[in-house]
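Just so you know, we're using this note's numbering here: the sequence shown kicks off at 100 and counts up by one. Positions of the beta carbon are idealized from the N, C-alpha and C atoms, including for glycine.
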Amino acid sequence: MTITAPFDNSYAALPEGFFSRINPTPVANPRLLAFNESLASSLGLEFATKDDLAFVLGGNELPVGADPLAQLYAGHQFGSYNPQLGDGRAILLGEVVDRTGKRRDIQLKGSGRTPYSRGGDGRAWLGPVLREYVVSEAMHALGIPTTRALAAVATGEDVYRETALPGAVLTRVASSHLRVGTFQVYAHRGEIENLRLLTQYAIERHYPDADGPMGLLRAVCDRQADLIASWMSVGFIHGVMNTDNCAISGETIDYGPCAFMDAFHVNRVFSSIDRQGRYAFSNQPQIAVWNMAQLATALLPLLENSDAALAEATQIVHAMSDQIETAWRTRFAAKIGITSPTKQDRALIDDLLVLMQKDGADFTNSFRALSGDDAVAQFTDRVGFAAWREKWRARLAAEDDPEAVMNAANPVIIPRNHRIEEMIQAAVAGDMAPFNRLMDALATPFTATDPELHRPPSQDEIVPATFCGT
Ligand code: AMP
Ligand code: MG
């Protein structure tokens, strides 16, 4: 009873200091709750039955070719440095080179204790596992770089989070799990040879054209700038942009207390632990820059020891604010039908956002409604909206097919927080129908046709806060 995948493990070939070899801890009664067939087939995964999948992806048996390990990393959490984090509840089974030639990590999350678990139990409960499954796959369908979800397996065991909750394991697929925090751990310890090895490894794996550590820094900053703009264009708030949750690949990683906004507000925060609003919606650009400054600092020992090198690294990080602004403007301009935005178009976008915020308008539906006949219905300040629309229409005269541009930039559906909570409650009660319905609709976010799921929450449906994924 096993499954096979074309494993080709490169991380396991790095020196011992990079990880600890550890097997997943078996679970009482693994049961497959969700499985991503198309992702499995792109990975070349083969299996006989769903029970085999549950057994292996629950951690009870190793697939042939796996070389399980927990990765070491550190990171800044809410701005303070934690010298040792690491995979405390995740185990990398290994890497597969997929059908398109891309190397992907296959990782079990919630698979038991590791040497990095500190006080934790190494487990996850069903709620965060399904939240990550739904949101990461929704992000993928929206065209935003992200880790993927391959499977969710119920363990048949309880985990204790103030109360007993059903346990689950997520199988996560990522182009790698290298984080800013992976670099920080060696830099802070002064293990320069490991830092050098890691940098070489990251360049070969992700940015083969990058010229040394400076090239790597530049490439990662480019990807992060685009990523943050793409999050904001769909109203996504990551919620815990710690440096250990910032992937070198430029994929969105670690869907803990993340959420999509319903009513627009620039300072929206969902995470119950983010009391200062460090990771609020509109703070995300400056936090991304801060995170890249930490990467630059970590890479410093590898850079040429000269004022010129220091100035170049500083310039790369500082340039990010403008890069994010440009990417933001391009994406938000497309949301109002404009293809090549000028600086003046920024004011037009801002004016609309001000109206939306003042009215508490729904972010997703207001933008989508712009290409329909009844956009005004999204706004209570109808006069204000009508005045904006005049200016906007005049500007659109210079565009070829604004409607097509808008329909490709404005999703009909996002994974709304109240639907996620509802889906989790149903799943805890044994009903996966809401999960399947959400997954169906979110697979085609620009053309979805499940109006009940497009609707913003009513007053009593609003879920104002999210909790960490532990
Ligand atoms: P996160 O906030 O989810 O990015 O996790 C921060 C750190 O805490 C990482 O090192 C995790 O591996 C660790 N961690 C989170 N939850 C658990 C758990 N239930 N058991 C052990 N370690 C955990
Ligand atoms: Mg994390």
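Per DSSP, the beta-bridge partners of V196 are R202. Between the beta-carbon of C320 and that of I415 there is about 6 Å, and that keeps the pair under the 8 Å contact cut. By the beta-carbon neighbour count (other beta carbons within 10 angstroms, threshold 16), I291 is exposed. At least 8 Å separates the beta-carbon of Q206 from that of L225.
Remark: C-beta atoms of F478 and A497 do not approach each other more closely than 8 Å. Annotated three-state conformation of F431 is helix, per DSSP.
Counting along the chain, the unbroken alpha helix (DSSP H) around L537 starts and ends at A532 to L541. When distances are taken from the beta-carbon of D539 to the heavy atoms of ligand 2, even the shortest one reaches 7 Å or more. Remark: three or more beta-carbon pairs, one from each stretch, lie closer than 8 Å, so the stretch 497-516 and the stretch 533-546 are flagged as touching. Per the DSSP secondary-structure output, S370 pairs in a beta bridge with T565. Looking from the CA of T565, the closest CA among P550, M531, H517 and H553 belongs to H517.
Contact between N506 and S470 is confirmed by a C-beta separation of about 6 Å, below the 8 Å threshold.
Judged by pairs of C-beta atoms under 8 Å, the stretch 144-162 does not touch the stretch 547-564, as fewer than three such pairs exist. A direct Cα-Cα distance of roughly 25 Å separates Q422 from A237.
The stretch 322-337 and the stretch 384-396 touch, with no fewer than 3 CB-CB distances between them shorter than 8 Å.
Y259: member of the beta strand (DSSP E) spanning R247 to R260, first to last residue. Note that the C-beta distance between G221 and R188 is below 8 Å.
With fewer than three CB-CB distances shorter than 8 Å, the stretch 236-256 does not count as touching the stretch 299-312.
Secondary structure of H337 (DSSP, three-state): coil. Taking the Cβ atoms as the reference, D107 lies roughly 30 Å from V233, outside the contact range of under 8 Å. About 6 Å separates the Cβ atoms of T254 and P129, confirming a contact at the 8 Å cut-off. In this structure, W487 sits away from L452, with a CB-CB distance that is not shorter than 8 Å. Taken atom to atom, the span from the alpha-carbon of A418 to that of T270 is near 36 Å. Listed in chain order, the non-local C-beta contacts of A286 below 8 Å within the same chain comprise L294, T396, A397, L398, L399 and P400, local neighbours out to five positions each way being set aside. Apart from sequence neighbours up to five positions away, the residues of its chain that approach G164 with a beta-carbon distance below 6 Å are F106, ordered along the chain. Nearest neighbour of M340 by Cα position, chosen from V333, D151 and T351, turns out to be T351.
Restricted to the stretch 138-219, the beta strand (DSSP E) segments that are unbroken, complete and at least 3 residues in length are 168-170, 174-176, 179-181, 189-196 and 202-208, listed in chain order. If you draw a 10 Å sphere on the C-beta of K201, you find fewer than 16 other C-beta atoms in it, and that means exposed. In terms of Cα proximity to F534, the closest of A133, S381, A379 and V279 is A133.
As DSSP reads the structure, P556 sits in no beta bridge. The chain-ordered list of residues whose CB is nearer than 6 Å to some heavy atom of ligand 2 reads D343, N344 and D353.
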